[in-house]
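In the working numbering, the protein residues as written are 81 to 420.
We put the CB at the ideal spot given by N, CA and C, even for glycine.
None of these values were measured; they are calculated from a predicted model.
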């Protein structure tokens with residue numbers, strides 16, 4: 081085989097499948113036969129608006145992927161042909177983070193440069209599904225955000241947003257034994273996914289945030305006012321009104337992690353931050369330790385995380401896959417099966 085099929089970014093709301101030559105495998109490299117590619121919110125925003133902020137026109141793209149090692153260079157000693165592996169896109173190419181969105185998650189073959197076990201390729205058990213393998217990257221983002229609030233067993237943790245990152249954060253906490261988790265959203269069928277992974281749910285289209293969290297976790301009296309007994313919040317929603325509500329009801333010494341991408345400024349009362357000694361941290365990306373925690377989670381089947389996969393399209397229908405993901409009417413995580 082000299083060529084393979086690859087998903088190519090063409091412009092605003094336009095992707096295509098083209099043939100590309102199979103790359104030569106260098107002495108330090110691995111050729112991956114890709115199985116699945118996940119459509120990320122970053123991919124959606126870039127394609128939707130036709131920007132080149134992370135993906136250049138006419139380039140292979142996609143950064144959530146898992147596959148089988150097809151070939152390897154002579155200097156690669158800690159990985160074997162036939163291994164099922166997930167990919168860290170940030171370290172998959174020598175260019176690093178700069179072009180990590182162009183790794184080739186929607187391509188049938190991907191060259192992993194300077195391949196090393198638990199650096200850019202992470203072995204998965206054979207009974208992990210290809211769809212689950214493609215979830216390693218977004219789950220690692222959720223993991224990084226969830227554990228940035230230093231959660232402890234027995235604490236009450238709230239996840240804002242039942243999208244892929246919010247569900248991943250909830251799944252990672254529950255899988256690690258921190259089971260008092262509530263997910264907040266306004267879409268009932270998304271919240272059903274949260275219930276499937278073991279979380280409590282609060283539908284703010286039906287009850288106020290205060291009422292819903294009070295029902296889930298009870299209340300504590302602060303300065304003569306009853307507020308929900310929540311120890312930490314993980315914001316994967318990026319909704320300014322929701323965050324402002326959190327700041328109004330947050331209890332003293334609570335922690336808040338921001339993993340959502342906010343497009344607008346959000347007013348924050350530093351009087352509330354100071355008087356209640358609230359800790360607010362940002363969480364972006366992930367570490368190798370986060371990925372290893374996710375791998376352990378998947379290998380040991382700690383939660384039903386694949387429930388977030390709502391559609392799987394063949395590579396030949398990648399445009400439909402993106403149309404579905406961009407419309408966001410009945411989808412959480414859309415996966416592309418690059419073997420078809």
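Would you mind giving the Cβ-Cβ distance between residue i and residue j, rounded to the nearest angstrom? I have them listed as a contact below 8 Å.
i, j, result
"residue 302", "residue 336", "That belief does not hold up - the Cβ atoms of residue 302 and residue 336 are roughly 16 Å apart, past 8 Å."
"residue 221", "residue 339", "7 Å"
"residue 281", "residue 274", "5 Å"
"residue 326", "residue 313", "6 Å"
"residue 242", "residue 267", "7 Å"
"residue 289", "residue 264", "7 Å"
"residue 235", "residue 258", "7 Å"
"residue 108", "residue 183", "Not confirmed; about 17 Å, so no contact."
"residue 134", "residue 214", "Rounded, the Cβ-Cβ distance is 19 Å, inconsistent with contact."
"residue 251", "residue 367", "The Cβ separation is near 18 Å, so there is no contact."
"residue 188", "residue 96", "Residue 188 to residue 96, Cβ: 14 Å. No contact."
"residue 127", "residue 402", "6 Å"
"residue 245", "residue 294", "Between residue 294 and residue 245 the Cβ distance is about 25 Å, and since that is not below 8 Å, they are no contact."
"residue 423", "residue 152", "For the chain, the structure presents residues 81 to 420; residue 423 sits outside this window and is missing."
By the DSSP assignment, the alpha helix (DSSP H) with residue i in it spans what residues?
i, result
"residue 379", "368-379"
"residue 130", "No alpha helix (DSSP H) holds residue 130; DSSP gives it neither H nor E."
"residue 215", "Neither: residue 215 is in no alpha helix (DSSP H) and is coded neither H nor E."
"residue 399", "398-407"
"residue 346", "Here residue 346 belongs to no alpha helix (DSSP H), and DSSP marks it neither H nor E."
"residue 275", "268-276"
Starting from residue i, follow its DSSP beta bridges and name the residues at the other end.
i, result
"residue 308", "299"
"residue 196", "DSSP, once it has assigned bridges, lists no residue as partnering residue 196."
"residue 328", "None, per the DSSP bridge assignment."
"residue 88", "96 and 140"
"residue 361", "337"
"residue 187", "86"
"residue 389", "413"
"residue 314", "239 and 337"
Quick check on DSSP: helix, strand or coil for residue i?
i, result
"residue 335", "strand"
"residue 238", "strand"
"residue 416", "strand"
"residue 248", "helix"
"residue 262", "strand"
"residue 394", "strand"
"residue 204", "coil"
"residue 383", "coil"
"residue 233", "coil"
"residue 287", "coil"
"residue 226", "helix"
"residue 256", "coil"
"residue 319", "coil"
Just to confirm the assignment, what range does the beta strand (DSSP E) spanning residue i have?
i, result
"residue 282", "280-283"
Ranges of the beta strand (DSSP E) found wholly within the stretch 99-183, counting only runs of at least 3:
110-118, 144-152 and 164-167
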